[in-house]
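Undergrad: Protein chains in written order, with my numbering: chain A, 126 to 529; chain B, 355 to 468; chain C, 22 to 125.
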Amino acid sequence: MSKALQLALGVVTAFGGFLEAGSIATSAQAGSEFGYRLLWVLALGTLCLVFLVEMSGRLAAISHHTIAAAVRERFGFTFYLLPLVGMVLVGLLTLVAELGAICIALQFATGIAFQWWAVPVVFVVWALLWGGNFDLIENGVSLLGLLTVVFIVAAFREQPPLREIAAGFVPSLPPHDGGRFWFLAVSILGATLTPYLFYFYSSGAVEEHWDERMLNTNRIVASIGMGFGAVLSAAVLIVSATVFGPRGIRLESYEQIALLLTDSLGRWGFALFAASLAVACLGAALEITLALAYMVAQGFGWSWGENLGHQEAARFTATYTLTLVLAAIPVALGLDPLRVTNLSMVLNAAALPLAVMPFLVLMNDRDYVGAHANGRLANVVVLVVTVLACLLAVVSLPLELVGG
Amino acid sequence: MLDLVRDVLDKQLLDREARPFGKVDGIVLETRAGAPPRVVALEVGVTTRLARLPAWLSRWMGRFARHTEVTRIPKEAVLAVANDIRVDIDATRTPSWRLERRLARMFARLPGGR
Amino acid sequence: MSSEVRVERLLGRVVVDAHGRRVGRIEEIQAEREGPEWVVQSYVIGVDGLLERLAAGAIAQGIVGTLAGARRRRRIGWDELDLSDPDRPRLRTASAGEERRLSA
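1) In or out: residue 439 of chain B buried (at least 16 other Cβ within 10 Å) or exposed?
2) Helix, strand or coil for residue 24 of chain C, going by three-state DSSP, please let me know.
3) Report yes or no: is there a C-beta of chain C within less than 8 Å of the C-beta of residue 390 of chain B?
4) Sort A/335, A/519, A/167, A/410 by Cα distance to residue 316 of chain A and report the nearest one.
5) Return helix, strand or coil for residue 63 of chain C, following the three-state DSSP convention.
6) Between the region 48-64 of chain C and chain B, which residues of the former have a C-beta closer than 8 Å to a C-beta of the latter?
7) Would you say residue 369 of chain B reaches chain C, if we count a Cβ-Cβ gap shorter than 8 Å as a contact?
8) Of all the options A/231, A/160, A/205, which has the alpha carbon lying nearest to the alpha carbon of residue 406 of chain A?
9) In the DSSP assignment, find the beta strand (DSSP E) that holds residue 53 of chain C and state where it starts and stops.
10) Does the distance from the C-beta atom of residue 461 of chain B to that of residue 444 of chain A stay below 8 Å?
11) So for residue 366 of chain B, helix, strand or coil by DSSP?
12) Look at the alpha carbon of residue 309 of chain A and the alpha carbon of residue 155 of chain A, and state the distance between them as a whole number of angstroms.
13) Going by DSSP, what residue range makes up the alpha helix (DSSP H) through residue 233 of chain A?
14) What's the C-alpha gap between residue 74 of chain C and residue 28 of chain C?
15) Just checking, does the region 417-426 of chain A make contact with the region 358-377 of chain B on the three C-beta pairs under 8 Å criterion?
16) What are the start and end residues of the beta strand (DSSP E) that includes residue 392 of chain B?
17) Residue 480 of chain A to residue 208 of chain A, Cα distance in whole Å?
18) Please work out which residues of its chain come closer than 7 Å, Cβ to Cβ, to residue 404 of chain B, disregarding the five sequence neighbours upstream and downstream, and give them in chain order.
19) Return the chain-ordered ranges of every alpha helix (DSSP H) run that is complete within the region 231-317 of chain A and spans a minimum of 4 residues.
20) When you compare each of A/400, A/198, A/152, A/332 to residue 432 of chain A by their alpha carbons, which one comes out closest?
21) I'd like the span of the beta strand (DSSP E) that includes residue 347 of chain A, first residue to last.
22) So residue 381 of chain B contacts chain C; which residues on that side make the cut at Cβ distance below 7 Å?
23) Helix, strand or coil for residue 435 of chain B per DSSP?
24) Alpha carbons only, please: which of C/38, C/97, C/44, C/50 is nearest the one belonging to residue 32 of chain C?
25) Can you say whether residue 210 of chain A is buried or exposed, counting buried as having 16 or more other CB atoms within 10 angstroms of its CB?
26) At a CB-CB cut-off below 7 Å, which residues of chain C make contact with residue 406 of chain B?
27) What residue from A/297, A/437, A/369 has the CA that sits closest to residue 388 of chain A's CA?
28) Secondary structure at residue 87 of chain C, three-state DSSP: helix, strand or coil?
29) Can you check which of these residues, A/293, A/349, A/186, is closest to residue 363 of chain A by C-alpha distance?
30) Would you please verify whether the beta carbon of residue 384 of chain B is less than 8 Å from any beta carbon of chain C?
31) For residue 342 of chain A and residue 176 of chain A, I'd like the C-alpha separation in whole angstroms.
32) In terms of residues, what are the limits of the beta strand (DSSP E) holding residue 297 of chain B?
33) Tell me, please, whether the CB atom of residue 112 of chain C is closer than 8 Å to any CB atom in chain B?
34) In whole angstroms, what is the alpha-carbon distance linking residue 90 of chain C and residue 101 of chain C?
35) Just checking my contact of residue 403 of chain A with residue 149 of chain A at CB under 8 Å: how many whole Å lie between their CB atoms?
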């Protein structure tokens, strides 16, 4: 594959795979309740994400170790249990949210209640993992995810006030409902910085045998791919602000969010929303499932890899199978997908230090990354945003649960 | 100089076919009267892993874990210590591989199993 | 007479001196390759407390680097440590080994 093509594919993959249940739901809610005022939080989260993704690719290219494997090796088994258990629990809940959103999209398309779709959807996800390889999962699904470009189209058709949008990128305090504002702010951070994303990315880089020559590609894919991806989240927020904002609607269900595109795209809007939601969340579900299996297998030193045969990586295959079975249960029981989404995004933010701190140490450890250790800017940005997200989550979650 | 904790403990083990079959969960030393202790073996296994946890946690988790036989790799079998640790054994013949083998047999019977 | 001791079991154990005073915790065990053998030469004892044990100290140090300052550690020779009870390693002397700072 030529360098340019590889680069383009990487960027497209990052872009097409960016949106998922969390980013769609939290951006829509933020736009409807606070207009463009939370755009700066999205920008801050994206900046941190670019650093984290670039770091995980760099770790893989230089050390040929994934984050999970390196954390276990550097900090030992006892310490590794902490991020492992934390991230598996939060990851499972996030997976429930993604699967639930796919099921909701199918409910929109067929009228059959979402919980009946839990088993078929989980089976399809499993079958794709069972039958596919890493390229199919990563590229195929992300290409489908390009459909989410409709949100950018809709944002343009809404002709939003550019001055107000620009003002939204300047950090500001809430005009009203402070508690809700910060709850949505931390939900956006959680949705942007879901740890499975960079754990998945580092495993992918090792599956594809990256080495030092990939460092530039990695830098470009991380910054441009993730940067453009975040434009999709911003587009959802902007559309929501223009459509719902003036009426101050609080979005409590996916049925409400589904009307996002009907204003600008007419009767196609609803179908396009359902289709976008389905493909975006399918991609995310595949990635989270793999990321969880990667974390477990790499932590225990089993053979792992979506490119290996099932018999060469049997425990890994069993792990993703079990993960999907567990995640299907809450969906089949009819747990409200939007509530699960909101909860899981805040928990992602709360668990962020578990995923990020040990990783940050590795990125400063010359035993692992040699001369390619982190610069001070990367350390400071990642550290500050991580701590901020966690503190906000710990403070705002109880308030939201009590208040709601 | 070899730092046993930093360079050996918890590192990835690869067998003679470069199959990953676990991390170094334990290192066994032999103390000798009048002579320095020496490394006699590396270990992989649930029991070794659990013993490293705080007592309350290890008791609690021990109730769920299956205490399969621990794989002991004699020091003589260690070929190289670098990022990973390569050892001259056939992992598929060790207790660590039992679950892998059982699952593999199961998957082979499913459609599309490879 | 020989018996078995485990590295992972020694790791993090509190070392006391001959008078029972706390010296620190075992952080590293250093071996030398002697032909086919790996022979333990020395133990590194960290004088820091709880933070190190939770790896939080290591994290803080890894991120902030030298700002955290060199941790106080001392290295003791294999023959200075009595491992007859591996859960309670003891120095054979009252305050053996010269305390020194090692950069982490």
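Every residue gets a Cβ at the ideal spot worked out from N, C-alpha and C, and that includes glycine.
TA: If we stick to the structure as given:
1) buried
2) Here residue 24 of chain C sits in strand by DSSP.
3) yes
4) Cα-wise, what sits closest to residue 316 of chain A is A/167.
5) strand
6) Listed by position, the residues of the region 48-64 of chain C near chain B (Cβ gap below 8 Å) are 48, 49, 50, 51, 52, 53, 54, 57, 58, 59, 60, 61, 62.
7) Contact with chain C is absent for residue 369 of chain B, since none of that chain's Cβ atoms lies less than 8 Å from the residue's Cβ.
8) A/231
9) 43-55
10) No. Outside cutoff.
11) The answer is strand: DSSP assigns residue 366 of chain B an E or B state.
12) 6 Å
13) 192-235
14) For residue 74 of chain C, the pLDDT reaches just 48, beneath the cut-off of 50, and the residue's location in the model is therefore unreliable, although a value from the coordinates is still provided. Roughly 16 Å between the two C-alpha positions.
15) yes
16) 389-398
17) 6 Å
18) 412, 415, 416, 419
19) 243-256, 266-270, 275-282, 287-293, 303-317
20) A/332
21) Taken as a continuous stretch (DSSP letters only), residue 347 of chain A belongs to no beta strand (DSSP E), as it is neither H nor E.
22) 27, 28, 29
23) strand
24) C/50
25) exposed
26) 29
27) A/369
28) Annotation note: pLDDT 45 at residue 87 of chain C (below 50); position unreliable, coordinate value reported separately. In the displayed model, residue 87 of chain C falls within a helix according to three-state DSSP.
29) Ranked by Cα distance from residue 363 of chain A, the options A/293, A/349, A/186 are led by A/293.
30) Among the CB atoms of chain C, one or more fall inside 8 Å of the CB of residue 384 of chain B.
31) Going by the C-alpha atoms only, they are around 14 Å apart.
32) A question about residue 297 of chain B goes unanswered here, because the residues of chain B that appear run from 355 up to 468.
33) no
34) Low per-residue confidence applies at residue 90 of chain C: pLDDT is 47, beneath 50, and the placement is therefore not dependable, though the value from the model is reported in the following sentence. If you take the alpha carbons of residue 90 of chain C and residue 101 of chain C, they lie about 28 Å apart.
35) With 8 Å as the limit, residue 403 of chain A and residue 149 of chain A do not qualify as a contact, their Cβ atoms being about 11 Å apart.
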